[in-house]
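Encoded as structure tokens, the structure appears first; notes follow it.
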Amino acid sequence: MLIPAFQLHLQERVQRGLATIGRFDAQHASLAGATHAGKVFVHSPHDPSGQRLALLNINKQITALVAGAILPSSTRDVLLIGSPNTLQCYDIERNRDLFFKDISEGVSCVVAGSYGSYTRPLAIVGGNCSVQGFDSDGNDVFWSVTGDVVSALALADIDGDGRNELLVGCDDFEIRIFKDEDLILQITEADQITGLAHLGGPRFAYALRNGTIGVYDGTTRLWRVKSKHSVAGILAFDLDGDGQPELVSGWSNGRVEARHAVTGEVVHRDSLGAAVAALLRGDLRGLGSEELVAVGTQGEVRGYATQSDELHVDAGDISMQQRALVDLAQKKQRVGRSLRKDQKSSGGGGGSRSSGGGGSSSGSSSSSSTGGSSLSLLQSRLTASEAPSICRAAAGTAAILRRGPHAPLHELMHELAGYLSAGPDPGGGGGAGGGAAAAAAAALPPDTRVDSAITINKASLVCELTLSTTNDSVIKAAMIFGEQVFEGESLLSVPAEPERTLTVPLAPARDAPVVLMIKALVGTKGSSWFHVFEIEMEMPKYAMYAAVEGSGNSSGSYGATGTGVSVGAGPGAALHSGGGGSAAAAAAAAAAAKLGSRQLGSAKGGCWQTAGDQRRPREQRPH
Numbered sequence: 001m002l003i004p005a006f007q008l009h010l011q012e013r014v015q016r017g018l019a020t021i022g023r024f025d026a027q028h029a030s031l032a033g034a035t036h037a038g039k040v041f042v043h044s045p046h047d048p049s050g051q052r053l054a055l056l057n058i059n060k061q062i063t064a065l066v067a068g069a070i071l072p073s074s075t076r077d078v079l080l081i082g083s084p085n086t087l088q089c090y091d092i093e094r095n096r097d098l099f100f101k102d103i104s105e106g107v108s109c110v111v112a113g114s115y116g117s118y119t120r121p122l123a124i125v126g127g128n129c130s131v132q133g134f135d136s137d138g139n140d141v142f143w144s145v146t147g148d149v150v151s152a153l154a155l156a157d158i159d160g161d162g163r164n165e166l167l168v169g170c171d172d173f174e175i176r177i178f179k180d181e182d183l184i185l186q187i188t189e190a191d192q193i194t195g196l197a198h199l200g201g202p203r204f205a206y207a208l209r210n211g212t213i214g215v216y217d218g219t220t221r222l223w224r225v226k227s228k229h230s231v232a233g234i235l236a237f238d239l240d241g242d243g244q245p246e247l248v249s250g251w252s253n254g255r256v257e258a259r260h261a262v263t264g265e266v267v268h269r270d271s272l273g274a275a276v277a278a279l280l281r282g283d284l285r286g287l288g289s290e291e292l293v294a295v296g297t298q299g300e301v302r303g304y305a306t307q308s309d310e311l312h313v314d315a316g317d318i319s320m321q322q323r324a325l326v327d328l329a330q331k332k333q334r335v336g337r338s339l340r341k342d343q344k345s346s347g348g349g350g351g352s353r354s355s356g357g358g359g360s361s362s363g364s365s366s367s368s369s370t371g372g373s374s375l376s377l378l379q380s381r382l383t384a385s386e387a388p389s390i391c392r393a394a395a396g397t398a399a400i401l402r403r404g405p406h407a408p409l410h411e412l413m414h415e416l417a418g419y420l421s422a423g424p425d426p427g428g429g430g431g432a433g434g435g436a437a438a439a440a441a442a443a444l445p446p447d448t449r450v451d452s453a454i455t456i457n458k459a460s461l462v463c464e465l466t467l468s469t470t471n472d473s474v475i476k477a478a479m480i481f482g483e484q485v486f487e488g489e490s491l492l493s494v495p496a497e498p499e500r501t502l503t504v505p506l507a508p509a510r511d512a513p514v515v516l517m518i519k520a521l522v523g524t525k526g527s528s529w530f531h532v533f534e535i536e537m538e539m540p541k542y543a544m545y546a547a548v549e550g551s552g553n554s555s556g557s558y559g560a561t562g563t564g565v566s567v568g569a570g571p572g573a574a575l576h577s578g579g580g581g582s583a584a585a586a587a588a589a590a591a592a593a594k595l596g597s598r599q600l601g602s603a604k605g606g607c608w609q610t611a612g613d614q615r616r617p618r619e620q621r622p623h
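Just so we're aligned: 10 in the UniProt record's numbering is position 10 of the sequence shown, and the numbers increase by one with no gaps anywhere.
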């Protein structure tokens, strides 16, 4: 848990993303922020006059606010203030403008510092489809084109040559990296880029409008996580003192999190009383070392100093839920042995179980008792209402948490469902042994595989994802997760009648490669059991394009690259469906109706989107 080194409350509300720390007198750090009334406040803790808060009247909508040292002969910071059509460079120490520029493309974000081969530090401005660089005299010395409105900027030495490159995030979902005027790297993401931060070397972090944060190492994405809350800011800061910066993120619900830059594991956490406005770094207390500063929209300010190595990766400080999950993981083997022993002892009894107070044989009574004990134990593990205290992170804690906070919970839910289905049948016959026999009868052949392929259907003007089994087993449903493919990033497809093959229409919104995560539910005909097959495959960038071979080919199905992409998966964990494929289809239909989604239409049953309406696919275009 993050423990603030200091706290204070400003008497001004702060606009989101519009706060900065600078040394305007070259010695002492001051905090500046934009209010909602077109003003800029400057909080100076070390002002000799004792006037800690000063206001600057801008009388314009403020769109960007950054402090930076762009003076060639001084280390003093100046304040760069952007508006919808101007850039103002203000020297707070001397109370005068250095320059005032009209920017026809607008000012959406600003960054200041040394860049590329330019000998003087620059104020770099992002606007509508362009970036411009100005020196301290207001001269326009750098200009380049981007694909859309610039939403995030950062300076970082990505290639290790000692000179900064320019990272540009845009509304067209692209991250572009410039070296002087040359574009050297371009990465497509799933939504508008709202933040960029350098983590050292080729690593950099990004934030998206849809609540996603992640880290790239060059062109390789190391990890990403998504939240229902929006990201207010990201920053690289070494909180644990190990010499490697963590990725600190601030959120619209006030949460401040520090994650391991390589794994994404949460190592520190705190929460403000209101939404986070900005994350900054600076020495506001004048102690000689920089601290992490979190600014809230209601004027709350918290500072966090670098903590000792003793506090690094304390699983008990993360959250109650994760403490419970760590405890459950440590007990997994012991509880598993106990449950298996209960199963063996309950499987020996016969007869039927009575719903009343009597009429049960001793065997069924034992089955009922042990089954109830197992169920209670599992339920207590799932709720984790009374998690015992846990020692500081053991050897396997970091590996467990890297799997994500929900993975162990899902495993226990599957285990609970299996015990519920294997329990004694209220209708009589066999106790837990009857459930085990039913499971054995519904077991899939060991060589069962689910193949997947993506093709183009010219008649329907869509891509088609086809899932098929390699034997007589049938596909009862499929859950598909993919960014930029569905409005809610996920889709549930349930056929009216389960068959060996399931076809799902896809209509990606943009030409970008997408990794599809597929969970296919496979079972035998007439069985209420199914197995979960997990498949991961990549949808090609130009999957919606097909070559036009002649006027005679007006319909038919064509592979996106000539042949379908096929990916196999081994058997997944068995899970009871609780009522078979028809019940699952009915439940999915009810959920879809509740969400107000529309039926996509499929040759075999219906597909329901989890949110929003189906986007109309584009017309076929030649390569």
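Backbone N, C-alpha and C fix where the C-beta goes; we use that ideal spot for every residue, glycine too.
Proximity of residue i and residue j at Cβ, strictly below 8 Å
| i | j | result |
| --- | --- | --- |
| arginine 23 | arginine 76 | yes |
| glycine 82 | valine 125 | yes |
| glycine 33 | alanine 19 | yes |
| valine 474 | glycine 523 | yes |
| cysteine 89 | phenylalanine 99 | yes |
| aspartate 31 | isoleucine 21 | One detail in the question is off: residue 31 reads as leucine in this sequence, not aspartate. Taking 8 Å as the Cβ cut-off, leucine 31 and isoleucine 21 qualify as a contacting pair. |
| asparagine 164 | aspartate 171 | no |
| glutamine 192 | arginine 209 | yes |
| leucine 521 | alanine 478 | yes |
| proline 505 | serine 468 | no |
| leucine 56 | valine 66 | no |
| serine 117 | aspartate 159 | no |
| asparagine 471 | threonine 501 | no |
| alanine 152 | glycine 169 | yes |
| proline 72 | arginine 120 | yes |
Chain-order list of residues whose beta-carbon lies under 7 Å from that of residue i (same chain, five-residue window excluded)
| i | result |
| --- | --- |
| histidine 46 | His28, Gly286 |
| alanine 543 | Ile454, Cys463, Pro508, Ala560 |
| aspartate 102 | Asn85, Thr86 |
| alanine 512 | Thr188, Gln484, Lys541 |
| tyrosine 304 | Leu2, Pro4, Ala5, Leu239, Glu291, Leu292 |
| alanine 394 | Residue placement at alanine 394 is flagged as unreliable, the pLDDT there being 36, under the threshold of 50; the coordinate-derived value follows with that caveat. There are no such residues. |
| arginine 52 | His43, Ser44, Pro45 |
| valine 145 | Cys129, Ser130 |
| glutamate 549 | none |
| glutamate 300 | His9, Leu272, Gly273, Ala274 |
Contacts around residue i, its chain only, beta-carbon distance under 6 Å, and the 5 residues preceding and following it disregarded
| i | result |
| --- | --- |
| serine 104 | none |
| alanine 258 | Leu239, Glu246, Val248, Val267, His268 |
| valine 302 | Checking the sequence, you will find arginine at residue 302 rather than valine. Closer than 6 Å at Cβ, skipping near neighbours: Pro4, Gln7, Ala294. |
| arginine 25 | Strictly speaking, residue 25 in this sequence is aspartate, with arginine absent from that position. Around aspartate 25: Glu93. |
| alanine 123 | Ile70, Leu80, Ala112, Phe134 |
| serine 227 | Gly211 |
| serine 385 | At serine 385 the pLDDT is 40, less than 50, meaning the model places this residue with poor confidence; the figure from the coordinates comes in the next sentence. No residues qualify anywhere along the chain. |
| threonine 466 | Ala453, Thr503 |
| glycine 218 | Pro202 |
| phenylalanine 142 | Gly133 |
| alanine 190 | Glu483, Gln484 |
| arginine 402 | Summary for arginine 402: the model assigns pLDDT 40, below 50, so the residue's position carries little reliability; its value from the coordinates is reported in the next sentence. Contacts found: Thr263, Glu265. |
| phenylalanine 481 | Ser490, Met517 |
| serine 355 | Summary for serine 355: the model assigns pLDDT 35, below 50, so the residue's position carries little reliability; its value from the coordinates is reported in the next sentence. Excluding sequence neighbours, serine 355 sits near nothing in its chain. |
8 Å contact criterion, which residue i and residue j should meet: CB distance rounded
| i | j | result |
| --- | --- | --- |
| alanine 207 | leucine 199 | With a Cβ gap of about 13 Å, alanine 207 and leucine 199 do not count as contacting. |
| glycine 233 | glycine 195 | 6 Å |
| valine 150 | glycine 113 | Not really, about 16 Å apart at Cβ, beyond 8 Å. |
| alanine 197 | leucine 235 | 6 Å |
| isoleucine 175 | leucine 183 | Rounded, the Cβ-Cβ distance is 11 Å, inconsistent with contact. |
| valine 256 | leucine 280 | Going by Cβ atoms, the distance from valine 256 to leucine 280 rounds to 12 Å, so no, they are not a contact pair. |
| alanine 64 | valine 107 | 5 Å |
| glutamine 307 | glycine 241 | 6 Å |
Within-8 Å CB hit, residue i to chain C
| i | result |
| --- | --- |
| glutamine 132 | Here chain C cannot be found, since the structure has a single protein chain. |
Own chain, CB closer than 8 Å to residue i, minus 5 neighbours either side, in chain order
| i | result |
| --- | --- |
| glutamate 536 | Val515, Leu516, Met517, Ile518, Val567 |
| arginine 221 | Gly214, Val215 |
| threonine 297 | Arg13, Val14, Gln15, Arg16, Ala274, Ala275, Val276, Ala277 |
| glutamine 61 | Gly38, Ser83, Pro84 |
| What are the start and end residues of each continuous alpha helix (DSSP H) run of 4 or more residues lying completely inside the stretch 13-101, in chain order? | none
- Query: Which full runs of the alpha helix (DSSP H) of 4+ residues lie inside the stretch 155-221, going along the chain?
  - Reply: Uninterrupted alpha helix (DSSP H) stretches at least 4 residues long and entirely within the stretch 155-221 do not occur.
Problem - beta strand (DSSP E) segments (min. 3 residues) lying fully within the stretch 476-516 - result: 490-494, 501-506
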